[in-house]
Amino acid sequence: MASVSLKKLDKSYGALRIVKGIDLEIADGEFVVLVGPSGCGKSTTLRMIAGLENISGGEILIGDRVVNRLPPRERDIAMVFQDYALYPHKTVRENMGFSLKVRGIAGTEAKKRIDEAAEILGISHLLDRRPGQLSGGQRQRVAMGRAIVRRPQVFLFDEPLSNLDAKLRGQVRTEIKRLHQQIGTTIVYVTHDQVEAMTLADRIVILRGGEIEQVGTPDDVYNRPHSVFVGGFVGSPAMNFAGASISGERLVFRDGNFLPAGALKSGHSAAMEGREMMVGIRPEHFVPATASDIQISVKVQVVEPLGSDTLVHFAMGQEVLTARMPPDIRLRPGEDLKLGVDPSKVHLFDAASQKAVA
Amino acid sequence: MPISERDETHLPKWTKWLDLSDRALAVLLLAPAALLLSLIIVYPVARLIYTSFFSLSLTSGLPAEFIGLENFALMIDDPVFWETLWNTVLITIITVPGALIVGMALALLANLPFATQWPVRLSLLIPWALPLSFAGLIFAWFFHSQYGVVNDVLVRLGFEGIIWFNSPNWAFAAICLTIIWKTSSFMALMILAGLQTIPRSLYEAADVDGAGRIRQFFEITLPLLKPSIVVALIFRTITALQTFDIPFMMTAGGPGTSTATLAMYIHQNTVSFLDLGYGSALAVVMFALSMAVTAVYLRIIRAKD
Numbered sequence: 001m002a003s004v005s006l007k008k009l010d011k012s013y014g015a016l017r018i019v020k021g022i023d024l025e026i027a028d029g030e031f032v033v034l035v036g037p038s039g040c041g042k043s044t045t046l047r048m049i050a051g052l053e054n055i056s057g058g059e060i061l062i063g064d065r066v067v068n069r070l071p072p073r074e075r076d077i078a079m080v081f082q083d084y085a086l087y088p089h090k091t092v093r094e095n096m097g098f099s100l101k102v103r104g105i106a107g108t109e110a111k112k113r114i115d116e117a118a119e120i121l122g123i124s125h126l127l128d129r130r131p132g133q134l135s136g137g138q139r140q141r142v143a144m145g146r147a148i149v150r151r152p153q154v155f156l157f158d159e160p161l162s163n164l165d166a167k168l169r170g171q172v173r174t175e176i177k178r179l180h181q182q183i184g185t186t187i188v189y190v191t192h193d194q195v196e197a198m199t200l201a202d203r204i205v206i207l208r209g210g211e212i213e214q215v216g217t218p219d220d221v222y223n224r225p226h227s228v229f230v231g232g233f234v235g236s237p238a239m240n241f242a243g244a245s246i247s248g249e250r251l252v253f254r255d256g257n258f259l260p261a262g263a264l265k266s267g268h269s270a271a272m273e274g275r276e277m278m279v280g281i282r283p284e285h286f287v288p289a290t291a292s293d294i295q296i297s298v299k300v301q302v303v304e305p306l307g308s309d310t311l312v313h314f315a316m317g318q319e320v321l322t323a324r325m326p327p328d329i330r331l332r333p334g335e336d337l338k339l340g341v342d343p344s345k346v347h348l349f350d351a352a353s354q355k356a357v358a
Numbered sequence: 001m002p003i004s005e006r007d008e009t010h011l012p013k014w015t016k017w018l019d020l021s022d023r024a025l026a027v028l029l030l031a032p033a034a035l036l037l038s039l040i041i042v043y044p045v046a047r048l049i050y051t052s053f054f055s056l057s058l059t060s061g062l063p064a065e066f067i068g069l070e071n072f073a074l075m076i077d078d079p080v081f082w083e084t085l086w087n088t089v090l091i092t093i094i095t096v097p098g099a100l101i102v103g104m105a106l107a108l109l110a111n112l113p114f115a116t117q118w119p120v121r122l123s124l125l126i127p128w129a130l131p132l133s134f135a136g137l138i139f140a141w142f143f144h145s146q147y148g149v150v151n152d153v154l155v156r157l158g159f160e161g162i163i164w165f166n167s168p169n170w171a172f173a174a175i176c177l178t179i180i181w182k183t184s185s186f187m188a189l190m191i192l193a194g195l196q197t198i199p200r201s202l203y204e205a206a207d208v209d210g211a212g213r214i215r216q217f218f219e220i221t222l223p224l225l226k227p228s229i230v231v232a233l234i235f236r237t238i239t240a241l242q243t244f245d246i247p248f249m250m251t252a253g254g255p256g257t258s259t260a261t262l263a264m265y266i267h268q269n270t271v272s273f274l275d276l277g278y279g280s281a282l283a284v285v286m287f288a289l290s291m292a293v294t295a296v297y298l299r300i301i302r303a304k305d
């Protein structure tokens, strides 16, 4: 096991700068998830750690070693690819044993390691099959098995669940988490799926446009987003945003609804007076009017009963917002609705900079 | 749903004759293709085999006479048949692996990430697109003892020029080199197509697994190229067994019959001597040879599966 350090890491293709001076310290044994929309540089960063992409600037350390110029095989890492990258002409055992064979580990030692890994992943019965004879989930496990047998310092996962259906994705996600708890190796994991990031990570790194937007525990990024982007990216359904400004003791929305500014999590100061704000409220932080004294009046547009709860979409001025309500709520489109809001759960962002107001 | 289970109550009566079983429908749908294939493949082959049992020489003025296997018996005592058959087999044994090796090298080269791909692809396509007889003519000039570029290079390098087409061995070598040049681009194109189906991530996985370039070639590239290579080999072997144009243009089979192939001998018998019976028998042998080679390759493919 080893720590991973990225120092001012840069990647450009010609004039196009994909990764812009990323600094990140990943502790030994930590599970870090790089997450962000397409093109944010997360896969490129992972591939640079793996040595599959040259770096344009900065430094990568695995343990105490600078690995900038080392080929992948000398970095002591193992990688699970998005398409699994299993050798189709080799059996599962040969796939898992290939890296051992290349490193001159053969015979009983190799067999022991493969059998152990297969046991951990529950694929012992598949060892003599070829990848073409396996289901997507089984292939995924073999890809992980291939990584495990190496006993590397760091595991790298590049969107490993994106080729699986939703049900299987949930299962394998749990398995990856269990695997990390069991073997404790440092993991750097890339995904565009914030649910994966939230469920798996010790720490989440949210990337945007080649830069780190926020690093923190799942609780941090969910409850204390540093920017509108992070607030909107993490959580499903996404955080609601509405324009507002502070006027005296009130946070006034554009449609006239208001919240008491003094009760806001961020507090309020005279400096905020009159400033254009973006208010972020998570759908689950709206409550039925009876549960809170602080209320807003809105008009229901669409109601989506999900069984476990009901999503209510409503208009606030020009913006359409979503509230997650109890399943037994009965509402009709067009109906006037009073919604309770807990101001301590309301996030305030500066409308111009899009950054959280401290 | 089988057709017989359809709800037919709303259909007019005259449509009843359309109520075929699934099997009959399948036969009906396949019939046009089967008929076409019969016309363009089965009939000519059957006609060839049929003619090979006859004495049919257009120069004799005699009507065709059924002689059973006599044409084939004649072949056994015909030294030219054996010589041309041997030449054909030798050309196949030399030029097929030769083209495979050169083609593989070209394909690996063309598969490199060049900034501009089209000149590489074009240079691969040109030899393949040239007519065989044209390639034969060009190379006949290349190997010309006085004006040829090959001798020019040899002399500049301090060797003696070779009178290529006067010696059976040198003439044969010149023909084989020409065939390899002409056909390796086809091999390269087939292998390149195969190479491009190998996902890049397999090489990346092998990089991470610790395999170097040579190991990657033998452990990943070569095994995954096997299907493309076998298909290319089938095509190339069959066309090698039918070699005609290049030796015809370069040496016309000479000196003597030392570079004549079976296809040239068939051509000579049927076109020059108008002996259709014997020519057909020779062609049947060539057909059987091609079939046998194909069967062997297919068996290899199946064994690997």
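These protein sequence lines map, in sequence, to chains A and B.
Going by the UniProt record's numbering, the letters in the first sequence line up with residues 1 to 358, in that order.
Going by the UniProt record's numbering, the letters in the second sequence line up with residues 1 to 305, in that order.
All C-beta atoms in this analysis are idealised placements derived from N, C-alpha and C, irrespective of residue type, glycine included.
Computed from a predicted model, the values in this text were never measured in an experiment.
Its Cα nearest to that of Ile26 of chain A, the residue A:Ser5 stands out among A:Ile77, A:Gly262, A:Ser5 and A:Ser353. The beta-bridge partner set that DSSP reports for Ser60 of chain B is empty.
If you keep only unbroken beta strand (DSSP E) runs of at least 3 residues inside the stretch 192-262 of chain A, you get 203-208, 211-216, 240-247, 250-253 and 258-260. The C-alpha of Tyr13 of chain A is placed about 37 Å away from the C-alpha of Leu348 of chain A. For Val102 of chain A, at least one C-beta of chain B is nearer than 8 Å to its own C-beta.
Against chain B, the CB of His192 of chain A has no partner CB under 8 Å away; the residue lies outside that interface. In this structure, Pro37 of chain A sits away from Gly51 of chain A, with a CB-CB distance that is not shorter than 8 Å. Between Arg203 of chain A and Thr185 of chain A, the C-beta spacing is not below 8 Å. For the pair of segments examined, the stretch 208-220 of chain B was found not to touch the stretch 78-85 of chain B: the number of CB pairs separated by less than 8 Å stays below three. Beta-bridge annotation (DSSP): Thr186 of chain A is paired with A:Val154. Inter-residue distance for Ala2 of chain A and Gln182 of chain A is about 16 Å (C-alpha atoms, whole angstroms). DSSP places Gln138 of chain A in no beta strand (DSSP E) but in the uninterrupted alpha helix (DSSP H) bounded by Gly136 to Val149. Contact of Ile220 of chain B with chain A by beta-carbon distance below 8 Å involves Tyr87. Spatial neighbours of Pro88 of chain A in its own chain (CB-CB distance under 7 Å, excluding positions within 5 residues in sequence) are listed in chain order as Arg130, Pro131 and Gly132.
With respect to chain A, the C-beta atom of Pro113 of chain B has no partner C-beta closer than 8 Å. Distance check between Met187 of chain B and each of B:Trp128, B:Ser258, B:Thr251 and B:Leu25 places B:Trp128 closest, using alpha-carbon atoms only.
A residue is called buried when at least 16 other Cβ atoms come within 10 angstroms of its Cβ; Ser280 of chain B meets this threshold and is buried.
For Leu202 of chain B, at least one C-beta of chain A is nearer than 8 Å to its own C-beta. In this structure, DSSP gives His313 of chain A an extended state, which the three-state scheme calls strand. If you draw a straight line from the Cα of Gly248 of chain A to the Cα of Phe258 of chain A, it is about 11 Å long. Non-local beta-carbon contacts of Ala289 of chain A in its own chain, meaning distances under 7 Å to residues more than five positions away in sequence, involve Gln295, Lys338, Leu339 and Gly340 in chain order. As the crow flies, the alpha-carbon of Asp220 of chain A is around 17 Å from that of Asp193 of chain A.
Of the candidates A:Ala118, A:Phe157, A:Gln153 and A:Val154, A:Ala118 places its Cα closest to the Cα of Gln138 of chain A. Under the criterion of beta carbons closer than 8 Å, Glu159 of chain A and Val190 of chain A qualify as touching, at roughly 6 Å. In the DSSP assignment, Ala2 of chain A falls outside any alpha helix (DSSP H) and carries neither an H nor an E. Secondary structure note for Met325 of chain A: its beta strand (DSSP E) is the uninterrupted segment Glu319 to Met325.
Contact between the stretch 69-76 of chain B and the stretch 141-157 of chain B is absent: fewer than three C-beta pairs spanning the two stretches fall below 8 Å. If the five residues before and after Ile138 of chain B are omitted, its C-beta is found closer than 6 Å to no C-beta atom of its own chain. Annotated three-state conformation of Ser123 of chain B is helix, per DSSP. At a Cβ-Cβ threshold of 8 Å, Leu306 of chain A and Phe314 of chain A do not count as neighbours. In the three-state scheme derived from DSSP, where H, G and I count as helix and E and B as strand, Gln82 of chain A is classed as coil. Runs of alpha helix (DSSP H) with 4 or more residues, each lying fully within the stretch 216-289 of chain B, are found at 222-241, 245-250 and 262-267, listed in chain order. For Ile77 of chain A, the neighbours in chain B by C-beta distance under 7 Å run, in chain order, Val208.
Any Cβ of chain A closer than 8 Å to the Cβ of Ala211 of chain B would place that residue at the interface, and such an atom is present. With contacts defined as CB atoms closer than 8 Å, Phe142 of chain B and Gly148 of chain B qualify as a contacting pair.
Interface flag for Arg215 of chain B against chain A is set, since a Cβ pair is found closer than 8 Å.
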